[in-house]
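Undergrad: Dropping the structure in here first, questions after.
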Amino acid sequence: MSVPRIELVGLAKRFGSRQVLDGVDLAVMPGESMVIIGGSGTGKSVTLKLILGLLCPDAGAIHVDGQNVIGLKGAALDAHRARFGMLFQGGALFDSLSVWRNVSFALAGTAASRRAAAIDNLARVGLAADVADLRPAELSGGMQKRVALARAIAPRPPIIFFDEPTAGLDPITAAVINDLIRELATDLKITALTITHDMHSVRTVADKVAMLHAGKIIWQGPLTSLDGCDNPYVHQFITGSAQGPISMPGRR
Amino acid sequence: MAMNLLIAIGASVLAGLAGIGRLTRFGATALIRLLQPPWYPAQYLQQMLVIGWLSLPVVGLTAIFTGSALAQQIFIGGSRFNAASTVPAVTVIGVVRELGPVLGGLMVAGRVASAMAAELGTMRVTEQIDALVTLRTDPFRWLVAPRLLAAVLVMPALVLVSNALGVMGGWLLATQRLGFNSAQYLATTARYLEADDVISSLVKAAVFGFFIALMGCYHGYHSGGGAAGVGRATTNAVVSSFILILLANLVITVIVFGS
Chain A
1432 MSVPRIELVG LAKRFGSRQV LDGVDLAVMP GESMVIIGGS GTGKSVTLKL ILGLLCPDAG
1492 AIHVDGQNVI GLKGAALDAH RARFGMLFQG GALFDSLSVW RNVSFALAGT AASRRAAAID
1552 NLARVGLAAD VADLRPAELS GGMQKRVALA RAIAPRPPII FFDEPTAGLD PITAAVINDL
1612 IRELATDLKI TALTITHDMH SVRTVADKVA MLHAGKIIWQ GPLTSLDGCD NPYVHQFITG
1672 SAQGPISMPG RR
Chain B
32 MAMNLLIAIG ASVLAGLAGI GRLTRFGATA LIRLLQPPWY PAQYLQQMLV IGWLSLPVVG
92 LTAIFTGSAL AQQIFIGGSR FNAASTVPAV TVIGVVRELG PVLGGLMVAG RVASAMAAEL
152 GTMRVTEQID ALVTLRTDPF RWLVAPRLLA AVLVMPALVL VSNALGVMGG WLLATQRLGF
212 NSAQYLATTA RYLEADDVIS SLVKAAVFGF FIALMGCYHG YHSGGGAAGV GRATTNAVVS
272 SFILILLANL VITVIVFGS
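If you're matching them up, the sequences are chains A and B in order. With our numbering, letter number 23 in the first sequence gets 1454, and the count goes up by one each step, no holes. With our numbering, letter number 10 in the second sequence gets 41, and the count goes up by one each step, no holes.
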């Protein structure tokens, strides 16, 4: 059996008095597209930031390709991060740089070669070369997401994280982004870890689904078993029902 | 009641000390990274342009108006003691030792520290700083170090211009309105201006530049809580850089001229 590309073991993280993650166990195999679902504030983004080394866990282990990555520093941490691309929820494009400089930010080479590479990557996400010299503020939300996607794939990392890839987008643009993620994951043979509460995203991009609730993975399985799952939390979440075991904070 | 008051005072003191510790660590980290590659020349040049060139109009106008007003006040005050002829000497000393660097520093702080805090704060809340890290770029090297070095290098140049324009403002008013002879005014100005005055002015400017960039970057970098958090960071950056400029000015003045 092959080594998981990403393996989380008993991962815990607390912010002040709030225990956000309380023993998360999860394995993502190479080439797999895993989607973590869960309500707002359940620690989905925190999980990604812990894996990337942007936050430090209180307990547990994170293995990437079999190596423990907690506590890495300097060049080892840089090498760890080089394995990842990240699509941030809001795009997180650098306002002060043009589109092509954003896309080619992590690439080496001359300005001309980086610009050419940026235009290639823009084409991969369906954007024409004429957006290359625009600033992010001149683009629509959907185009910004595509540019952010192009930036995430530009260095061809083996693992890409997608943080709420369709948040704030209209349904059609969201569908386009979902299709792009699925297509890129397949074409580039990447391992994808997506966090979302958009069920359309889940059904388009996932091979496997895991649900995070109360700081733990309470269910995981292949996408095909999601609808038939008898876990009441998962059932409530995927049907979007107000009635069920998940109660919203402040709701009676 | 008394115990509660003591607890509150103790908590405030501890929070203040922790803040000083965080700021010191932030500044030390920035200085260390400044000395280590990679460096980003385009970022340094851009910051020099933003801090120096774009601050020139506001600093220059402030200097001209203040130099003129100072000359007028010295003339009025000096006339009471039959000492109106001291206008050129007192103006040049006042401008070069105090008003040029301090007012220049305060104007740049208002313009630049706020802009740095707002920019870095927005980058923080929109995850751009996290994005930099995931793209294997150290935010201290990319964002903080260029601002710090640019401010330290550019502020002395700005203050030199500010001093010259301040003296020119005084000369303009004195010769056009107060009846001073132009050549005599300039000769007196040159006679009373000493190298120590200029050196202390430049040292003050470099120190003020460091504090302006440090406060702007520190508050912006640690911003949080959305738009309100960025607003708070901006206010804190301006207020803290104003206070540090005035405090540093006092300390440098006492050290250089106190004896």
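Idealized CB from N, CA, C, for every residue including glycine. Keep in mind the model is a prediction, meaning the values are calculated, not measured.
1. Determine the chain B residues that contact Phe1519(A) at a beta-carbon separation under 9 Å, and present them in chain order.
2. For the structure I just gave you, are there three or more beta carbon pairs, one from the segment 1540-1550 of chain A and one from the segment 176-185 of chain B, closer than 8 Å?
3. Beta strand (DSSP E) containing His1628(A): first to last residue?
4. I want to verify the contact list: residues of chain B whose CB lies under 8 Å from the CB of Leu1485(A), in sequence order.
5. Indicate whether at least one CB of chain B lies closer than 7 Å to the CB of Arg1587(A).
6. If we ignore side chains and look at the alpha-carbon of each, how far apart do Asn1533(A) and Asn1552(A) end up?
7. I need the straight-line Cα distance from Gly1462(A) to Tyr75(B), nearest angstrom please.
8. Is Asn35(B) near the ligand FMN, with its Cβ less than 6 Å from a heavy atom?
9. Given this structure, state the Cα-to-Cα distance separating Thr266(B) from Ala162(B), to the nearest angstrom.
10. If we call anything under 7 Å between Cβ atoms a contact, is Leu101(B) one with Gly125(B)?
11. Please compile the residues from chain B whose C-beta is within a distance smaller than 7 Å of the C-beta of Ala1513(A).
12. Taking all protein chains shown into account, do 16 or more other C-beta atoms lie within 10 angstroms of the C-beta of Ala59(B), making it buried, or fewer, making it exposed?
13. Is the shortest distance between the beta-carbon of Asp1509(A) and the beta-carbons of chain B less than 7 Å?
14. Compute the distance between the beta-carbons of Arg1514(A) and Pro1588(A), then report whether it is under 7 Å.
15. On the DSSP bridge assignment, give the partners of Gly1652(A) in chain order.
16. Just how far apart, CA to CA, sit Gly197(B) and Leu37(B)?
17. Contact check, Ala1623(A) vs Ser1464(A) under 8 Å by CB: the rounded distance?
18. Tell whether a beta-carbon distance below 7 Å holds between Tyr249(B) and Leu54(B).
19. Judging by CA-CA distance, which residue of Thr206(B), Ile230(B), Ala244(B) and Tyr216(B) is the nearest neighbour of Leu291(B)?
20. Could you tell me which of Thr1625(A), Leu1619(A) and Ser1632(A) sits nearest to Ala1606(A), measuring between CA atoms?
21. Could you tell me how far apart the beta carbons of Val123(B) and Gly257(B) are, in whole angstroms, since I believe they sit closer than 8 Å?
22. The beta strand (DSSP E) that contains Arg1449(A), what's its start and end?
23. Taking C-alpha atoms, which residue in Ala1542(A), Leu1538(A) and Ala1581(A) lies nearest to Ala1559(A)?
24. Give me the Cβ distance between Ser99(B) and Gly200(B), rounded to the nearest whole Å; I'm assuming they're in contact under 8 Å.
25. Quick check on His1494(A): does DSSP put it in helix, strand or coil?
26. Use the C-beta contact count for Arg1683(A): other C-beta atoms within 10 angstroms, 16 or more gives buried, fewer gives exposed.
27. Count Cβ pairs between the segment 1481-1488 of chain A and the segment 1512-1527 of chain A that sit closer than 8 Å; are there 3 or more?
28. Indicate whether at least one CB of chain B lies closer than 7 Å to the CB of Ala1598(A).
29. What's the gap between the Cα of Met291(B) and the Cα of Ala1542(A)?
30. Looking only at DSSP bridge pairs, what is Met34(B) linked to?
31. Of all Cβ atoms in chain B, is any one closer than 7 Å to the Cβ of Phe1593(A)?
32. Can you tell which of Ala205(B), Val190(B) and Leu62(B) has the C-alpha that lies nearest to the C-alpha of Leu130(B)?
33. Based on Cα-Cα distance, which residue from His1494(A), Phe1592(A) and Arg1449(A) lies nearest to Phe1519(A)?
34. Residues of the segment 1527-1560 of chain A in Cβ contact with chain B at a cutoff of 7 Å, in chain order, please.
35. Who are the neighbours of Phe1525(A) on chain B, taking C-beta pairs under 9 Å?
36. Taking the beta carbon of Met32(B) as the centre, do at least 16 other beta carbons fall within 10 Å, making it buried, or is it exposed?
TA: Taking the definition as stated:
1. Locating residue 1519(A) in the first sequence gives position 88, where the first residue counts as 1. Result: Thr157, Glu158, Gln159, Asp161, Ala162 and Thr165.
2. no
3. Indexing the first sequence from 1 puts residue 1628(A) at position 197. Neither: His1628(A) is in no beta strand (DSSP E) and is coded neither H nor E.
4. Numbered from its first residue, the first sequence carries residue 1485(A) at position 54. For Leu1485(A), the neighbours in chain B by C-beta distance under 8 Å run, in chain order, Asp161, Val164 and Thr165.
5. For this step, residue 1587(A) is matched to residue 156 along the first sequence. No, Arg1587(A) lies away from the interface with chain B (no Cβ there is under 7 Å from its Cβ).
6. For this step, residue 1533(A) is matched to residue 102 along the first sequence. For this step, residue 1552(A) is matched to residue 121 along the first sequence. Approximately 11 Å, taken between the alpha carbons.
7. Your numbering for residue 1462(A) matches position 31 in the first sequence. Your numbering for residue 75(B) matches position 44 in the second sequence. Taking the straight line joining both Cα atoms gives about 41 Å.
8. This structure does not include the ligand FMN; it has no bound ligands of any sort.
9. Reading the second sequence from its first residue, position 235 is the one you call residue 266(B). Reading the second sequence from its first residue, position 131 is the one you call residue 162(B). Distance between the alpha carbons of Thr266(B) and Ala162(B): 26 Å.
10. Counting from one through the second sequence, the residue named residue 101(B) turns up at place 70. Counting from one through the second sequence, the residue named residue 125(B) turns up at place 94. A contact, by the Cβ cut-off of 7 Å.
11. Along the first sequence, one-based indexing puts residue 1513(A) at 82. Going along chain B in sequence order, the residues near Ala1513(A) (Cβ under 7 Å) are Arg167.
12. Residue mapping note: residue 59(B) aligns to position 28 of the second sequence, counting from 1. Exposed, because fewer than 16 other Cβ atoms sit within 10 Å of the Cβ of Ala59(B).
13. As a position in the first sequence, residue 1509(A) is number 78, starting the count at 1. Asp1509(A) counts as touching chain B.
14. Taking the first residue of the first sequence as 1, we reach residue 1514(A) at position 83. Taking the first residue of the first sequence as 1, we reach residue 1588(A) at position 157. Yes; because the gap between Cβ atoms is below 7 Å, this pair is in contact.
15. Position 221 of the first sequence holds residue 1652(A). Its beta-bridge partners are Val1640(A).
16. Here residue 197(B) corresponds to residue number 166 of the second sequence, with the count starting at 1. Here residue 37(B) corresponds to residue number 6 of the second sequence, with the count starting at 1. C-alpha separation (whole angstroms): 49 Å.
17. By one-based count along the first sequence, residue 1623(A) stands at place 192. By one-based count along the first sequence, residue 1464(A) stands at place 33. About 4 Å separates the two Cβ atoms, so the contact holds.
18. For this step, residue 249(B) is matched to residue 218 along the second sequence. For this step, residue 54(B) is matched to residue 23 along the second sequence. Cβ distance < 7 Å, so Tyr249(B) and Leu54(B) count as in contact.
19. Nothing can be reported for residue 291(B): it is not among the residues displayed for chain B, which extend from 32 to 290.
20. If you number the first sequence from 1, residue 1606(A) lands on position 175. Among Thr1625(A), Leu1619(A) and Ser1632(A), the Cα nearest to that of Ala1606(A) belongs to Ser1632(A).
21. Here the question's residue 123(B) lines up with position 92 in the second sequence. Here the question's residue 257(B) lines up with position 226 in the second sequence. Not confirmed; about 49 Å, so no contact.
22. The residue labelled residue 1449(A) in the question sits at position 18 within the first sequence. Its beta strand (DSSP E) spans residues Arg1449 to Val1459.
23. Here residue 1559(A) corresponds to residue number 128 of the first sequence, with the count starting at 1. Of Ala1542(A), Leu1538(A) and Ala1581(A), the residue nearest in Cα terms is Ala1581(A).
24. One-based indexing of the second sequence puts residue 99(B) at position 68. One-based indexing of the second sequence puts residue 200(B) at position 169. Yes, they are in contact, since the Cβ atoms of Ser99(B) and Gly200(B) sit about 4 Å apart, within 8 Å.
25. As a position in the first sequence, residue 1494(A) is number 63, starting the count at 1. Note: His1494(A) maps to strand in three-state DSSP.
26. Within the first sequence, numbered from 1, the residue matching residue 1683(A) stands at position 252. Low local confidence applies: a pLDDT of 47 at Arg1683(A) is under 50, so the model's placement there is unreliable, with the coordinate-based value given in what follows. By the neighbour-count rule (16 or more Cβ atoms within 10 Å), Arg1683(A) is not buried but exposed.
27. yes
28. Start at 1 with the first residue of the first sequence, and residue 1598(A) comes out as number 167. Not one chain B Cβ lies under 7 Å of Ala1598(A).
29. This structure does not reach residue 291(B), given that chain B is present from 32 up to 290, and the question cannot be answered.
30. Your numbering for residue 34(B) matches position 3 in the second sequence. For Met34(B), which the question treats as bridged, DSSP gives no partner whatsoever.
31. As a first step, residue 1593(A) must be located in the first sequence, where it is residue number 162. Chain B has no Cβ within less than 7 Å of the Cβ of Phe1593(A).
32. Translated into positions along the second sequence, residue 130(B) becomes position 99. Here the closest residue by C-alpha is Val190(B).
33. The sequence position of residue 1519(A) within the first sequence is 88, counting from 1. For the residues His1494(A), Phe1592(A) and Arg1449(A), the minimum Cα distance to Phe1519(A) belongs to Phe1592(A).
34. Phe1536 and Ala1537
35. Translated into positions along the first sequence, residue 1525(A) becomes position 94. Per Cβ cutoff of 9 Å: Met154, Gln159, Ala162 and Leu163.
36. For the purposes of this step, residue 32(B) is identified with residue 1 of the second sequence, where counting begins at 1. It counts as exposed.
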